[in-house]
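Participant:
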């Protein structure tokens, strides 16, 4: 479904240029959930933007479905590929009600039966009609993200790109959104690319994972290998270890004695 | 000041913080919080957004916004009553014995001053008599102590030229190297990548050990707090719902704590569907519970 | 009988509006409540409402003809029977002149704002949105317009086309729009980075749609607030031009001109210059207070 080979994304800066993504190659099958993991600056979000036609491609080749990504992105592409962004507070227009937010993509693409589709979309993401005419500042972070997901899915895309969709949410809300995404994936047989810095989130949801560092993909493997800690690259290994939490030195552990840290060394 | 081992470093009893809204109605952000911290101990305060954890930390240091209404039965630091203290004495106490690290160094460091200038201001409080040369040496030494590889360059840099991890190290060098008795860390690693977080936490660990500082670690990340702290306090809607030792949290009693623990997707063997936290209205009214 | 208004209030403040109209009205009502919570802003609003009422009903409430000279009643002090604010050197009733003058003041202020705000908004948002050479060209034009001092330009207009209210309005407008263009451009530059703009592009929205439907409405509130705050300055400038003889011409009861013509008798008959001067002060203050109140209401931190 998605084919990326030797992708390089270059941004011009005042002092020259910087390669945000360098020779990245990967492949995503139809209906698969593919994860991109890395820290900030690794280029994972940039790949997503390139996939959605929002970032310039310096060299390399990208193909989504039947569309080959070039300079001009055709209208049909816009209906096939949609994206959910990280910040629920920035991805909704502050002066549009939820209804208007969901109506926009329908109007732009000339889709009919708009009221019906809007009500259906809201129901799919677990928001009832009570939320239909609220403004974004009247919604919680989790609710905003649900609206963003509804908006992405209302044009019935085949590919859904998710850029850290739960990073800005509380852990309990994250659990709800992850469950929702999983259900939607199953029901609609979507192809998804999920970007996250959190290996556990990626591990919950994705079937295959690419680990990125400094603009390059350092390792690609399936999720079972990650869970079994059968990884090759040492960067992936250090990520795995860090996900397990902080390791206190044994000598410090003597402090957490029976009464919680009163004894001195 | 008597170094009484059994006297707690910090004692808060029945803290209440409220805000008056536009329509005159009083909203309580913290409702009857109580906790104790002993010298050299690490206490974690965990809660989601809106739980009141950040306000608690700021109340201790007297950094609440002016429209906040704060009252408590007891708020003591090292035996001294913080509520009855004069503002001037409180400020002196904050500068010398209590410290705070904030979440994002982009916003907590002064953007128009170099690192050295800011550290000089901070150190001046403790050692007002130091000359320029000695102050510079002290700054470089503090930066080296937090494992900054090129302290001279970092000292003369502006905060926007530093990465997030470097900025937090500078904050730690500024706030912790003088050895405060109490440190409040408000989400110190939330804005950082996971590998950088671990580095910063290790440095924090070292500093606290060296000076035997008491730590209050505020975070939304329950697993992280469990791995870093000795004791954990879980807050929900302004109240404490659970207090226990970090290693006992896996056997937590309160349904909110259990729900919070379960909501984190585990890397090994994740369930098909993550258990969703069902918020019970009864939790809003419960009194603080202590579990071994 | 409290059920009526309370039901309306509940409908407006409802958490679950059932239509776009209800949501929009609810938002407006909340903003009004926030505005009304500030007594100073309400004071400004009341003064301006009074100004509008006085201007609209001018001919009905003015006790005398503002242009009629009654030379036997020259320089009567305020408090005289049938001349509450006194008369000027030509026996004209000051209160009536004040009332008719309010129509002039109001129309000049509105005219300037109606010309300046849309031009500034359009130029600023276009420059900020498209960037590149469009931005450069538009901003250089803005710089040129900024370089003109208002009074000097008005003098030039007066010299070329003759003095008068319309020419004064044009002169002020030409020098006032750049500030709004820069303000709108700054807002646009910030908004263009926002995720909801990226989303609109992803949905296939055309550039014009994004500019007009997404960006312009978000810039409008800060431009309006700025215009309200500038109104005081505009009124003072018009009064200043009138004082110099470049704006309204005699016998027109323009407030600035009234102050100018009262100069000569200031020491003996203070009311001729002072009363219109005080009216100018009051209206300028009212606009300032209103603008401050509006700025607080539209503060994005409150979800404005």
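Chains as they are written, first to last, in our numbering: chain W, 115 to 379; chain C, 10 to 301; chain X, 2 to 305. We treat Cβ as the ideally placed atom computed from N, Cα and C, and that holds for glycine. Here the structure is a predicted model, which is why all the values come from computation and not from measurement.
1. Would you check if the distance between the CB atom of residue 220(C) and the CB atom of residue 173(C) is smaller than 8 Å?
2. Using a C-beta to C-beta distance shorter than 8 Å, which residues of chain W count as neighbours of residue 21(X)?
3. Tell me residue 177(W)'s beta-bridge partners as DSSP assigns them.
4. At which residue ranges does the stretch 166 to 206 of chain X contain complete alpha helix (DSSP H) runs of 4 or more residues, listed in the order of the chain?
5. By how many angstroms is the C-alpha of residue 277(C) removed from the C-alpha of residue 358(W)?
6. Output yes or no for whether 8 Å exceeds the beta carbon distance between residue 117(X) and residue 178(X).
7. According to DSSP, what are the bridge partners of residue 19(C)?
8. Who are residue 110(C)'s beta bridge partners in DSSP?
9. Below 8 Å, how does it come out for the stretch 241 to 260 of chain X and the stretch 159 to 173 of chain X: are there three or more Cβ pairs, yes or no?
10. Any Cβ of chain W within less than 8 Å of the Cβ of residue 304(X)?
11. In the DSSP assignment, the alpha helix (DSSP H) including residue 288(W) goes from what residue to what residue?
12. Which of the three DSSP states is assigned to residue 223(C) in this structure?
13. Looking at chain W, is there any beta carbon in it that lies within less than 8 Å of the beta carbon of residue 30(C)?
14. Figure out for me which residue from 341(W), 235(W), 147(W), 138(W) has the closest Cα to the Cα of residue 174(W).
15. Count Cβ pairs between the stretch 142 to 158 of chain X and the stretch 77 to 94 of chain X that sit closer than 8 Å; are there 3 or more?
16. Buried or exposed, going by whether 16 or more other CB atoms sit within 10 Å of the CB of residue 342(W)?
17. Mind checking if residue 130(W) is an interface residue toward chain C, Cβ cutoff 8 Å exclusive?
18. Short check: CB of residue 285(X) to CB of residue 216(X), under 8 Å?
19. Please list the terminal residues of the continuous beta strand (DSSP E) segment that includes residue 4(C).
20. Quick test of your reading: residue 255(C) and residue 226(C), contact by CB under 8 Å. State the CB separation rounded to the nearest angstrom.
21. Can you confirm whether the stretch 194 to 214 of chain C touches the stretch 322 to 338 of chain W when touching is taken to mean that 3 or more C-beta pairs between the two stretches lie within less than 8 Å?
22. From residue 287(C) to residue 244(C), what does the alpha carbon distance come to, in whole angstroms?
23. So residue 253(C) is in the beta strand (DSSP E); what residue range does that whole segment cover?
24. Suppose contacts are defined by Cβ-Cβ distances below 8 Å. Is residue 90(X) in contact with residue 260(X) by that definition?
25. Could you tell me the boundaries of the beta strand (DSSP E) in which residue 123(C) lies?
26. Quick one: residues in its chain with C-beta nearer than 7 Å to the C-beta of residue 65(C), no 5 flanking neighbours on either side, listed in chain order?
27. First and last residue of the alpha helix (DSSP H) that includes residue 156(X)?
28. Give the interface partners of residue 192(W) over in chain X, defined as CB-CB distance under 8 Å, in chain order.
29. Ends of the beta strand (DSSP E) at residue 360(W)?
30. Which residues bound the alpha helix (DSSP H) around residue 274(X)?
31. Could you check the C-alpha separation between residue 306(C) and residue 293(C) for me, to the nearest Å?
32. Between residue 198(W) and residue 133(W), is the Cβ-Cβ spacing less than 8 Å?
33. Can you tell me which of the three DSSP states residue 41(C) falls into?
34. Anything in the stretch 118 to 138 of chain C with a Cβ closer than 7 Å to a Cβ of chain D? List those residues in chain order, please.
35. Where does residue 304(X) sit, in a helix, a strand or coil, going by DSSP?
36. With distances taken from CA atoms, which of 142(W), 125(W), 188(W), 194(W) is nearest residue 170(W)?
Facilitator: Well, looking at it:
1. Your numbering for residue 220(C) matches position 211 in the second chain. Your numbering for residue 173(C) matches position 164 in the second chain. Taking 8 Å as the Cβ cut-off, residue 220(C) and residue 173(C) do not qualify as a contacting pair.
2. Position 20 of the third chain, counted from the first residue, corresponds to residue 21(X). Correct list: 211, 213, 214, 247.
3. If you number the first chain from 1, residue 177(W) lands on position 63. According to DSSP, which records beta bridges pairwise, residue 177(W) is partnered with 117(W), 182(W).
4. 166 to 192, 196 to 203
5. Taking the first residue of the first chain as position 1, residue 358(W) is located at position 244. Taking the first residue of the second chain as position 1, residue 277(C) is located at position 268. So the alpha carbons of these two residues sit roughly 11 Å apart.
6. Here residue 117(X) is taken as the residue at index 116 of the third chain, counted from 1. Here residue 178(X) is taken as the residue at index 177 of the third chain, counted from 1. Taking 8 Å as the Cβ cut-off, residue 117(X) and residue 178(X) qualify as a contacting pair.
7. In the second chain, the residue the question calls residue 19(C) occupies position 10. In DSSP, residue 19(C) forms a bridge with 46(C), 86(C).
8. Within the second chain, numbered from 1, the residue matching residue 110(C) stands at position 101. Beta-bridge pairing links residue 110(C) to 194(C).
9. yes
10. Along the third chain, one-based indexing puts residue 304(X) at 303. Since pLDDT at residue 304(X) reaches only 44, below the 50 mark, its modelled position is unreliable, and no value is offered.
11. The residue you call residue 288(W) lines up with position 174 of the first chain. It spans 285 to 302 - the alpha helix (DSSP H) in which residue 288(W) sits, taken as one unbroken run.
12. Indexing the second chain from 1 puts residue 223(C) at position 214. Strand at residue 223(C).
13. Counting from 1 along the second chain, the entry for residue 30(C) is found at position 21. With 8 Å as the cut-off, residue 30(C) does not count as an interface residue toward chain W.
14. Here residue 174(W) refers to the residue found at position 60 when the first chain is read from its first residue. The candidate whose alpha carbon is nearest that of residue 174(W) is 138(W).
15. no
16. Residue 342(W) sits at position 228 when you count from the first residue of the first chain. Residue 342(W) is exposed by the Cβ-count criterion.
17. Translated into the one-based positions of the first chain, residue 130(W) becomes position 16. Residue 130(W) does not count as touching chain C.
18. Here residue 285(X) refers to the residue found at position 284 of the third chain. Here residue 216(X) refers to the residue found at position 215 of the third chain. Contact: no.
19. Residue 4(C) lies beyond the range of chain C shown here (10 to 301); nothing can be said about it.
20. As a first step, residue 255(C) is located in the second chain; it is residue number 246 there, counting from the start. As a first step, residue 226(C) is located in the second chain; it is residue number 217 there, counting from the start. Rounded, the Cβ-Cβ distance is 10 Å, inconsistent with contact.
21. no
22. Locating residue 287(C) in the second chain gives position 278, counting from the first residue. Locating residue 244(C) in the second chain gives position 235, counting from the first residue. Looking at the two C-alpha atoms, the distance is approximately 16 Å.
23. Within the second chain, numbered from 1, the residue matching residue 253(C) stands at position 244. Looking at the DSSP string, the run of the beta strand (DSSP E) that includes residue 253(C) is 248 to 254.
24. To locate residue 90(X), count along the third chain from 1; it is residue 89. To locate residue 260(X), count along the third chain from 1; it is residue 259. No, they are not a contact pair.
25. Counted from its first residue, the second chain places residue 123(C) at position 114. Where residue 123(C) is concerned, there is no enclosing beta strand (DSSP E), given that its DSSP letter is neither H nor E.
26. Sequence index remark: in the second chain, residue 65(C) carries index 56 (1-based). Same-chain partners within the cutoff: 24, 39, 42, 54.
27. Mapped onto the third chain, residue 156(X) falls at position 155. Taken as a continuous stretch (DSSP letters only), the alpha helix (DSSP H) holding residue 156(X) covers 151 to 162.
28. Position 78 of the first chain, counting from 1, holds the residue named residue 192(W). What residue 192(W) touches in chain X: 203, 204, 205.
29. As a first step, residue 360(W) must be located in the first chain, where it is residue number 246. Premise fails: residue 360(W) is in no beta strand (DSSP E) and is neither H nor E.
30. Translated into the one-based positions of the third chain, residue 274(X) becomes position 273. Residues 272 to 298.
31. The first residue shown for chain C is 10 and the last is 301, placing residue 306(C) beyond what the model contains.
32. For the purposes of this step, residue 198(W) is taken as residue 84 along the first chain, with counting starting at 1. For the purposes of this step, residue 133(W) is taken as residue 19 along the first chain, with counting starting at 1. Against a cut-off of 8 Å, the Cβ pair of residue 133(W) and residue 198(W) comes out as no contact.
33. Locating residue 41(C) in the second chain gives position 32, counting from the first residue. It is a strand residue.
34. Here the protein chains are W, C and X, and chain D is not one of them.
35. As a first step, residue 304(X) must be located in the third chain, where it is residue number 303. Unreliable placement is indicated for residue 304(X), whose pLDDT of 44 sits below 50; the coordinate value is still reported in the next sentence. Looking at residue 304(X) - three-state DSSP - the assignment turns out to be coil, as it is neither helix nor strand.
36. Residue mapping note: residue 170(W) aligns to position 56 of the first chain, counting from 1. Per the Cα distances, 125(W).
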